[in-house]
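Below is one structure, written out as structure tokens, with a few remarks after it.
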Amino acid sequence: MLLNHILYIFMEPGSVLSEIFLDIGYFTAIVMCYFLVEGFSYTHSKKKYAIRLAIFAAFSEFPYCLAFTGNGLLQFCGLNMIFTLLICFVLLLCCEKISNTLLKVLAIIGLMLLSLISDWLLLAPIFTLLFLWADGSEDKTKTAFILSTLLFGLFTFVNGIGMFPIRINIFYSLTSMVGIALAGIVMIYFYNGKRMEKGRKFSKWFFYLFYPLHLLVLGMIRISIL
7 MLLNHILYIF MEPGSVLSEI FLDIGYFTAI VMCYFLVEGF SYTHSKKKYA
57 IRLAIFAAFS EFPYCLAFTG NGLLQFCGLN MIFTLLICFV LLLCCEKISN
107 TLLKVLAIIG LMLLSLISDW LLLAPIFTLL FLWADGSEDK TKTAFILSTL
157 LFGLFTFVNG IGMFPIRINI FYSLTSMVGI ALAGIVMIYF YNGKRMEKGR
207 KFSKWFFYLF YPLHLLVLGM IRISIL
């Protein structure tokens, strides 16, 4: 995530280093979706979880826009990743609480459309639905990561149509899948599903604090070199 943000804010695309930063940086978002689904299942209070996401999403919006404003001091750049996670959390709530199939589908479509103005548009909700479908099954989780990896490669390819020659576009699409695939390997083979006993509070709050603070720092650096 940090590498992605450094690339988008300060680096010119196309170099080997920028490509490495880009592809490795894709690791984080799908892991967030994975832990969101896991946290949804285990949390003692879904209400408190949603409120926490909403508070930090609002807190992160100014740093997000400050960091990613292309020209000038500040402009709206869409909703940040914690807002996206909040959308995904509401998506999980709809899947759990709405029994009517038609209403559930309409709610999912509505949230998908809302994600169009947020970071990781469409992809994060789809990742979330795939992990919800997996429901902790190792085989299904493997399938969810494989489908997510292929979907992201396809998404990258479609975005590159008209921007790059076909061979370059295929290359970028294949390399873009590295971070997602690596996330799958780590979560399936190296994560045991248990949070560390030591540093539990730190691990719980680290992302919520790191996300807006690192964006604020990057945004201030961006402004200082205008």
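Adding 6 to a residue's 1-based position in the sequence shown gives its number in the working numbering. Cβ atoms here follow ideal geometry from the backbone N, Cα and C, with glycine treated the same way.
Do the CB positions of residue 43 and residue 138 come within less than 9 Å of each other? yes
According to DSSP, simplified to helix, strand and coil, what is residue 2? Outside the displayed range of the chain (7 to 232) lies residue 2, so it cannot be described from this structure.
Is the segment 53 to 62 touching the segment 110 to 122 in the sense that three or more CB pairs, one from each, lie closer than 8 Å? no
In angstroms, rounded to a whole number, what distance separates the CA positions of residue 224 and residue 196? 31 Å
Let me know the secondary structure DSSP gives residue 196 once reduced to three states. coil
Compare the Cα-Cα distances from residue 159 to each of 186, 230 and 207 and report the closest residue. 186
Is residue 229 near the ligand MN, with its Cβ less than 8 Å from a heavy atom? Because no ligand of any kind appears in the structure shown, any question about the ligand MN cannot be addressed here.
For residue 85, which of 103, 77, 76 and 66 has the nearest alpha-carbon? 66
When the Cα of residue 175 is compared with those of 25, 18 and 78, which residue comes out closest? 25
Keeping to the same chain, check which residues put their C-beta closer than 7 Å to that of residue 40; ignore five residues upstream and five downstream. 137 and 193
Kindly indicate the opening and closing residues of the alpha helix (DSSP H) around residue 32. It is not in any alpha helix (DSSP H) - residue 32 carries neither H nor E in the DSSP assignment.
Contact check, residue 163 vs residue 124 under 8 Å by CB: the rounded distance? The Cβ separation is near 22 Å, so there is no contact.
Start and end residues, alpha helix (DSSP H) containing residue 116: 107 to 120
For residue 221, collect the residues of the same chain with a Cβ closer than 6 Å to its Cβ; drop the 5 residues on either side in sequence, then sort them by chain order. 69, 70 and 73
DSSP state of residue 104, grouped into three classes? coil
Reducing DSSP to helix, strand and coil, say where residue 167 ends up. strand
Under the DSSP definition of a beta bridge, which residues are partnered with residue 124? 85
In whole angstroms, what is the alpha-carbon distance linking residue 38 and residue 173? 31 Å
Alpha carbon to alpha carbon, how far is residue 36 from residue 134? 8 Å
Residue 199 burial status per 10 Å Cβ neighbour count (16 or more: buried): exposed
To the nearest angstrom, how far is it from the Cα of residue 151 to the Cα of residue 87? 20 Å
Alpha carbon to alpha carbon, how far is residue 189 from residue 22? Give it in angstroms, no decimals. 21 Å
Between the Cα of residue 52 and the Cα atoms of 132, 95, 11 and 217, which residue gives the shortest distance? 95
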